[in-house]
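Numbering (my numbering), first residue to last: 10 to 240.
Note that CB positions come from ideal geometry on N, CA and C, so glycine has one too.
Structure record follows, encoded as structure tokens.
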């Protein structure tokens, strides 16, 4: 059983997520808090320990990003997920620096919520499908751009940002396939099955992508791909 702590200042969100995840076999919200300070107190209590924290970005007293920053060094074993309705670049950068393992949208279906929680509990760094769309919303020349649909695997992006890749760096067709499936929140095992590769080979491709994109981890690669329209 994966035990989850939830912090959100909206009582309806707390009750809804608790009830939704109670329908799964292996994910439970064992406590909920109205803000980051309540969550911090719950974490310090010996009862109901959790492996995953689900944190709203905007909360009174102590918000989700500030709490993640406070826990980054003291509780590195905690898998932290940020609840999103919007994600500004500055928030993304702070969250990634604080060791946040992924982003999830409040409107995600219960299957996506549970799957994303399972991934981060297993040590993976992921974006849920809806949060990927939220992060991919950009303003171009002052005009809002609608969320992009991900292109089919194997189809190269047609309008990548000019500075999407460092000078002299290119992605092979296989690397682009792997990156596209990473953006779809697939694990290495799922990518290997989809592409007919070994899991070790996929892991090598992921490591190469992280190095080529100049980021620090898997979520950084996904965010970079979405920001720069690489998929």
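(message) Taking a contact to mean a Cβ-Cβ separation below 8 Å, would you say residue 91 touches residue 52 in this structure?
(response) Within the chain shown, residue 91 is the residue found at index 82, counting from 1. Within the chain shown, residue 52 is the residue found at index 43, counting from 1. Cβ distance not < 8 Å, so residue 91 and residue 52 don't count as in contact.
(request) May I have the straight-line CA-CA distance separating residue 106 from residue 78, to the nearest angstrom? (result) Along the chain shown, one-based indexing puts residue 106 at 97. Along the chain shown, one-based indexing puts residue 78 at 69. If you take the alpha carbons of residue 106 and residue 78, they lie about 8 Å apart.
(request) Please report the residue range of the alpha helix (DSSP H) in which residue 217 lies. (result) Taking the first residue of the chain shown as 1, we reach residue 217 at position 208. Counting along the chain, the alpha helix (DSSP H) containing residue 217 begins and ends at 208-222.
(message) Quick check on the DSSP output: the beta strand (DSSP E) that includes residue 14 runs from which residue to which?
(response) For the purposes of this step, residue 14 is taken as the residue at position 5 of the chain shown. Counting along the chain, the beta strand (DSSP E) containing residue 14 begins and ends at 11-16.
(request) Identify, in the order they occur along the chain, each residue of the same chain with its Cβ nearer than 6 Å to the Cβ of residue 57, setting aside the five sequence neighbours on each side. (result) By 1-based counting over the chain shown, the position of residue 57 is 48. Counting only Cβ-Cβ distances below 6 Å, and skipping sequence neighbours, we find 39, 40.
(request) Could you tell me how far apart the beta carbons of residue 100 and residue 66 are, in whole angstroms, since I believe they sit closer than 8 Å? (result) As a first step, residue 100 must be located in the chain shown, where it is residue number 91. As a first step, residue 66 must be located in the chain shown, where it is residue number 57. With 8 Å as the limit, residue 100 and residue 66 qualify as a contact, their Cβ atoms being about 6 Å apart.
(request) Assign residue 111 to one of three DSSP states: helix, strand, or coil. (result) In the chain shown, counting from the first residue as 1, residue 111 sits at position 102. Of the three classes helix, strand and coil, the one that applies to residue 111 here is strand, per DSSP.
(message) Which of the three DSSP states is assigned to residue 65 in this structure?
(response) As a working mapping, residue 65 is identified with position 56 in the chain shown. Residue 65 falls in the strand class under three-state DSSP.
(message) Looking only at its chain, what residues have a beta carbon closer than 7 Å to the beta carbon of residue 22, apart from the 5 residues adjacent to it on each side?
(response) On the chain shown, residue 22 is found 13 positions in, with the first residue counted as 1. Excluding positions up to five away in sequence, the list reads 115.
(message) For residue 211, which residues in the same chain have their Cβ closer than 7 Å to its Cβ, ignoring the five residues on either side in sequence?
(response) As a working mapping, residue 211 is identified with position 202 in the chain shown. These residues qualify, in order along the chain: 187, 197, 200, 201.
(request) Would you mind reading off the limits of the beta strand (DSSP E) that contains residue 125? (result) Here residue 125 corresponds to residue number 116 of the chain shown, with the count starting at 1. Counting along the chain, residue 125 falls outside any beta strand (DSSP E), though it belongs to the alpha helix (DSSP H) covering 119-130.
(message) For the beta strand (DSSP E) containing residue 90, name the first residue and the last one.
(response) For the purposes of this step, residue 90 is taken as residue 81 along the chain shown, with counting starting at 1. Per DSSP, residue 90 belongs to the beta strand (DSSP E) from 88-93.
(request) Let me know the secondary structure DSSP gives residue 42 once reduced to three states. (result) Along the chain shown, one-based indexing puts residue 42 at 33. Three-state DSSP puts residue 42 in a strand.
(request) List the whole-angstrom C-beta distance separating residue 240 from residue 178, where the pair is believed to meet the contact cut-off of C-beta under 8 Å. (result) Here residue 240 refers to the residue found at position 231 when the chain shown is read from its first residue. Here residue 178 refers to the residue found at position 169 when the chain shown is read from its first residue. At roughly 16 Å, the Cβ-Cβ gap does not stay under 8 Å, so residue 240 and residue 178 are not in contact.
(request) Have a look at residue 181 and residue 226 and give me their C-alpha separation to the nearest angstrom. (result) Position 172 of the chain shown, counted from the first residue, corresponds to residue 181. Position 217 of the chain shown, counted from the first residue, corresponds to residue 226. Taking the straight line joining both Cα atoms gives about 19 Å.
(request) Return the chain-ordered list of same chain residues with a C-beta closer than 6 Å to the C-beta of residue 208, the five sequence neighbours on each side being excluded. (result) Counting from one through the chain shown, the residue named residue 208 turns up at place 199. 197, 198, 201, listed in sequence order.
(request) For residue 68, collect the residues of the same chain with a Cβ closer than 8 Å to its Cβ; drop the 5 residues on either side in sequence, then sort them by chain order. (result) Locating residue 68 in the chain shown gives position 59, where the first residue counts as 1. So the qualifying residues of the chain are 16, 17, 18, 43, 44, 45.
(message) Tell me the rounded alpha-carbon separation between residue 93 and residue 220.
(response) Here residue 93 is taken as the residue at index 84 of the chain shown, counted from 1. Here residue 220 is taken as the residue at index 211 of the chain shown, counted from 1. So the alpha carbons of these two residues sit roughly 27 Å apart.
(request) Leaving out five residues on either side along the sequence, give the residues of the same chain with a beta carbon under 7 Å from the beta carbon of residue 81. (result) Along the chain shown, one-based indexing puts residue 81 at 72. Counting only Cβ-Cβ distances below 7 Å, and skipping sequence neighbours, we find 107, 108.
(request) Assign residue 14 to one of two classes, buried (16 or more other C-beta atoms within 10 Å of its C-beta) or exposed (fewer than that). (result) The residue labelled residue 14 in the question sits at position 5 within the chain shown. It is buried - the Cβ of residue 14 has at least 16 other Cβ atoms within 10 Å.
(request) Grab me the residues of residue 50's own chain with a C-beta within less than 6 Å of its C-beta, minus the 5 sequence neighbours each way, in chain order. (result) Against the chain shown, residue 50 aligns to sequence position 41. If we look at residue 50 and ignore the five residues flanking it on each side, it has no Cβ neighbours.
(request) Assign residue 223 to buried or exposed, taking buried as 16 or more other Cβ atoms, counted over all protein chains shown, within 10 Å of its Cβ. (result) One-based indexing of the chain shown puts residue 223 at position 214. When all chains shown are included, residue 223 counts as exposed.
(request) Just confirm the distance between the C-beta atoms of residue 62 and residue 89, as a whole number of angstroms; I'd bet it's less than 8 Å. (result) For the purposes of this step, residue 62 is identified with residue 53 of the chain shown, where counting begins at 1. For the purposes of this step, residue 89 is identified with residue 80 of the chain shown, where counting begins at 1. So it is a contact: roughly 5 Å between Cβ atoms.
(request) Please state whether DSSP places residue 22 in a helix, a strand or coil. (result) Indexing the chain shown from 1 puts residue 22 at position 13. The answer is helix: DSSP assigns residue 22 an H, G or I state.
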